[in-house]
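The sequence shown begins at 1 in UniProt numbering and counts up one residue at a time.
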Amino acid sequence: MFFLLPVLLLSVPGALAWKDQCTTFAPVIANVHLLNVTYYEANAFVNLSSPLQTITTSSLPAFCRLQLNITTNPATGKAAYSEVWLPDGWNSRTLGFGNGGWSGGVPYADIALAGAQQGYVAFGTNTGHNGISRDGSFGGPRNDDAIIDFAYRALHLTTVAAKSLASQYYGYNHTKSYYMACSTGGRQGIKAMSSFPEDYDGVVIGSPANAMARLQPWTIHQSLNVQPVNSSRWIPAALWPVIHKEALRQCDSLDGVTDGIISNPEVCDFRPQLITCRKESNTSECLTVDQLESLRKLYSNYLDGDQNWIFSGYVPGGELGYPTGLATAEPYQISTDYYKYFVLNDTTWDYHTLNASAIKLGMDINPGQMDTNTPDLTAFFARGGKVIQYVGWNDQLISPGNSIKWYKDVYAYTLANSAINPDEHFKLFTVPGMRHCFTGEGAWIFGAASQRNTAPPLENNSKYDIQAAMVEWLETNRTVDHIVATKYRNDSASSGVSFTRKLCPYPQQAVYQGGDQNSEASFVCK
Ligand SMILES: [Ca+2]
1 MFFLLPVLLL SVPGALAWKD QCTTFAPVIA NVHLLNVTYY EANAFVNLSS PLQTITTSSL
61 PAFCRLQLNI TTNPATGKAA YSEVWLPDGW NSRTLGFGNG GWSGGVPYAD IALAGAQQGY
121 VAFGTNTGHN GISRDGSFGG PRNDDAIIDF AYRALHLTTV AAKSLASQYY GYNHTKSYYM
181 ACSTGGRQGI KAMSSFPEDY DGVVIGSPAN AMARLQPWTI HQSLNVQPVN SSRWIPAALW
241 PVIHKEALRQ CDSLDGVTDG IISNPEVCDF RPQLITCRKE SNTSECLTVD QLESLRKLYS
301 NYLDGDQNWI FSGYVPGGEL GYPTGLATAE PYQISTDYYK YFVLNDTTWD YHTLNASAIK
361 LGMDINPGQM DTNTPDLTAF FARGGKVIQY VGWNDQLISP GNSIKWYKDV YAYTLANSAI
421 NPDEHFKLFT VPGMRHCFTG EGAWIFGAAS QRNTAPPLEN NSKYDIQAAM VEWLETNRTV
481 DHIVATKYRN DSASSGVSFT RKLCPYPQQA VYQGGDQNSE ASFVCK
């Protein structure tokens, strides 16, 4: 049997022709202005930096880099800076990346390593402003154009532009459109699925900062639980490893393996009062009654003054990250800036005055419609869209309870309001021993956003790489029943593998079946 190759494959240009194609590319898209175009040969030295991410590598395939000015509001002239990278060897898919915190910067490491290096047309945006993760001052006072760009508009318009640019560059349309991001990027992904369900076909999001009006007061609350420093309720840095050791003593072995990782904190009934200071105790190895009260608040659901549920608390196991997360001397600036520049428009606001009415005001104003807490993904699901969400159990910045609650909310809403089977469109993977988006004591390398600049997944396939798993699920309909995460020694791929573990779809957990504890093959999801 003789098969005719599609004409487009026969017309793929050689390397010289690609360079010519790139440097002479003159796309025509309304409100999209090409600032600069650069062709990078295969293995060229690429060294780029934004307030969000830096990439320094010589490991990329040949690609064409487009730097774009996208007018986001023609009436005011507001614009965003975006980039689209077009590899010579395109896999016919597009892959967009999101941001982190309040950051205004192109996610270069993700675009390079998870995008172009894997064959995708890859893109990202500065969300309409330049700035670092913790700085929300761009939002105020009442800078609505900038807030809306940050909330969703810049990414949406960049996505639309990237698809059109790919089509004009290669001469044919993409097959599937993907998105991958964590934290603020997770929120952006949820916004896209709910408000622009045609933007993407497959979405991989980690620990989303979606419930902004709830997350931000909780962030301040966590700091208020322990401050001021040197008060009776303060928990000094040296005491957190003591608390962690006790949490492990009580709960590590519940998953069948005593390895320093609590696989399922939901079944861990942590009782820190077992290390209460006695009169004869060394106070560096025990907790006072006031410190126990601080811990109780940190690990509890956060209720406002009217007893309304606001946000979930910390879970046992993440104690090595909490003192540099939110159990800090001052609140995380992301949250105080939320009130100063987005909700109250008062740059002198004192976070000690946070109360139920301020929390409600954030919910009511919902600046830029950035609060993306909707459980309604039915339009996205109805057109075949799939989403894989993941969250580290040891997340020190956004309680994993937030991801679990949103997953449950979407699940219930979908059942109640459509004929769609949510299991065919949505999976949540919990990651034991992982902090916010990356790092931690657990196996946390699986190809997700902001991970490849530390280390690649063990292999670039659907077994080890969450994005490859998404492609397989969406394009071949083979379901994702687990993903294998890798822990490298010293978090360095060149140092070799320390251990691998299965990540399981919630509410399943990896359960040890016997054999080598360092091998994922010794665990099953159930
Ligand atoms: Ca364990």
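By construction, the Cβ of each residue, glycine as well, lies at the ideal position given by its N, Cα and C atoms.
Item                                                                                                                                                              : Value
List in chain order the residues whose CB is within less than 5 Å of at least one heavy atom of ligand 1.                                                         : Asp252, Asp255, Val257, Asp259 and Ile261
Enumerated in chain order, which unbroken segments of the beta strand (DSSP E) with a length of 3 residues or greater are wholly contained in the region 425-483? : 426-431
Where do the ends of the beta strand (DSSP E) carrying glycine 214 lie?                                                                                           : It is worth fixing the name first, because residue 214 is arginine in this sequence and not glycine. Where arginine 214 is concerned, there is no enclosing beta strand (DSSP E), although the alpha helix (DSSP H) it sits in stretches over 212-224.
Looking at the unbroken alpha helix (DSSP H) that takes in arginine 249, where does it start and where does it end?                                               : 240-251
Could you check where the beta strand (DSSP E) with glutamine 389 kicks off and where it finishes?                                                                : 386-392
Quick check: what's the CA-CA separation for serine 294 versus threonine 288?                                                                                     : 10 Å
Thinking C-beta only, is glutamine 168 closer than 9 Å to phenylalanine 25?                                                                                       : yes
How far does the beta strand (DSSP E) with valine 37 in it reach, from first residue to last?                                                                     : 32-40
Just to confirm, are histidine 436 and glycine 256 a CB contact at a threshold of 9 Å?                                                                            : no
Would you call the region 195-209 and the region 218-236 in contact, with 3 or more CB pairs under 8 Å?                                                           : no
What is the residue span of the beta strand (DSSP E) that asparagine 417 lies within?                                                                             : That residue, asparagine 417, is in no beta strand (DSSP E); its alpha helix (DSSP H) goes 400-417.
Using the three-state DSSP reduction, which class does arginine 134 fall into: helix, strand or coil?                                                             : coil
To the nearest whole angstrom, what separates the beta carbons of tryptophan 85 and alanine 122, a pair I think is in contact under 8 Å?                          : 5 Å
Buried or exposed, going by whether 16 or more other CB atoms sit within 10 Å of the CB of aspartate 516?                                                         : exposed
Rounded to whole angstroms, how far is the Cβ of isoleucine 262 from the Cβ of proline 316, which I believe are closer than 8 Å?                                  : 6 Å
Is DSSP giving alanine 122 helix, strand or coil here?                                                                                                            : strand
Where does glutamine 396 sit, in a helix, a strand or coil, going by DSSP?                                                                                        : coil
Straight-line CA distance for tyrosine 39 to histidine 33?                                                                                                        : 18 Å
Between the alpha carbons of asparagine 47 and tyrosine 407, how many angstroms are there, rounded?                                                               : 38 Å
Are the beta-carbon atoms belonging to glycine 119 and serine 450 less than 9 Å from one another?                                                                 : no
Please go through the region 317-394 and give each complete beta strand (DSSP E) segment of 3 or more residues, from N-terminal end onward.                       : 386-392
Grab the span of the beta strand (DSSP E) containing alanine 96 for me, first residue to last.                                                                    : The residue asked about is misnamed: residue 96 is glycine in this sequence, not alanine. Run containing glycine 96: 93-97, per the beta strand (DSSP E) assignment.
So which of Lys360, Gly362, Glu472 and Thr500 has the shortest CA-CA distance to phenylalanine 446?                                                               : Thr500
Whose CA, out of Phe426, Asn126, Pro457 and Lys502, lies closest to the CA of aspartate 201?                                                                      : Phe426
In this structure, what does DSSP give as the bridge partners for leucine 303?                                                                                    : Trp309
So, is arginine 489 buried or exposed, given that buried needs 16 or more other C-beta atoms within 10 angstroms?                                                 : exposed
Could you tell me which residues DSSP pairs with glutamate 83 in its beta bridges?                                                                                : Gln67 and Gly124
Taking the DSSP output, what are the residues bridged to tyrosine 314?                                                                                            : Partner(s): none; tyrosine 314 has no beta bridge.
Given that a residue counts as buried once 16 or more other Cβ atoms are within 10 Å of its Cβ, and exposed if not, what is aspartate 110?                        : buried
Are the region 74-88 and the region 125-134 in contact at 8 Å, needing three or more beta carbon pairs?                                                           : yes
If you run the structure through DSSP and keep just helix, strand and coil, what is lysine 297?                                                                   : helix
What's the call for threonine 162, buried or exposed, on a 16-neighbour Cβ count within 10 Å?                                                                     : Residue identity check: residue 162 is alanine in the sequence provided, not threonine. Buried, because 16 or more other Cβ atoms sit within 10 Å of the Cβ of alanine 162.
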